[in-house]
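In what follows, a structure is listed as structure tokens, so that the remarks can point back to it.
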Amino acid sequence: MNMMLFIAMVLDPRHKLDFVVYLLKLMYENEIGIIAGKKLRETLFRLFTDYKARMEPEKKTMSNQATQKAPSNHLVSDPLYEVRMQYEKDSDSDVIRMLFSDDYNCSSDLDEYLSENPKNLSHTDEEFDVLGWWKFNSIGFVKLKQLMQREQLIEQNQLKQWKILKKVCLK
């Protein structure tokens with residue numbers, strides 16, 4: 003199991019942690035999916051904490067940009083759309099939120115990002131540009147934006163693997 007692929011999905015504003023854990027539960031057994039979700043959350047927070055500690059001395063100031071919408075791309079059907087609709091109807095998603103909300107106190111950019119509802123962005127847009135979205139909408143999540151840019155979590159090859167993962171999840 004490649005945690006970086008799942009982290010990339012969490013950093014996609016259309017999905018977030020709860021939905022990725024829901025997918026893990028669909029792909030694996032219920033308990034294994036929850037355990038994998040907890041491991042994913044721990045890995046995500048360790049990565050963020052480590053990155054934040056490395057970046058603190060730099061204290062770079064970000065220019066004050068207005069929040070803009072990411073440019074739209076070609077619209078095609080998204081295989082995760084139906085899973086998202088099922089997730090929103092499924093009462094089990096509330097259980098997932100409760101399991102992972104124990105310390106969501108918005109003490110960091112990551113906490114704040116994860117506590118927000120997933121963005122209802124053109125869910126039919128297969129070519130959604132995650133990095134473009136972060137470029138235009140990251141004023142409130144400065145450290146997360148820097149993490150995305152510097153560590154290059156979502157490179158082209160990972161996006162291709164992610165698309166394959168989406169198709170596999172629906173089979």
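Here the sequence shown is numbered in this note's numbering, starting from 3 and rising by one per residue.
Note that CB positions come from ideal geometry on N, CA and C, so glycine has one too.
Quick caveat: nothing in here was measured; it's all calculated off a predicted structure.
First and last residue of the uninterrupted alpha helix (DSSP H) at residue i
i    : result
S110 : Per DSSP, S110 belongs to no alpha helix (DSSP H) and is neither H nor E.
L28  : 18–29
N139 : 132–139
M5   : 5–12
F50  : 32–57
Rounded distance between the beta-carbons of residue j and residue i, thought under 8 Å
i   : j    : result
T45 : M5   : 5 Å
R48 : K121 : Not quite, the Cβ-Cβ distance comes to about 25 Å (not below 8 Å), so this is no contact.
Environment of residue i [buried if 16+ CB atoms lie within 10 Å]
i   : result
I37 : exposed
Y24 : buried
I9  : buried
K18 : buried
V12 : buried
R56 : exposed
Y89 : buried
Y83 : exposed
CB of residue i within 9 Å of CB of residue j, strictly
i    : j    : result
L26  : L42  : yes
F130 : D20  : no
G35  : L28  : yes
F143 : W136 : yes
K54  : S117 : no
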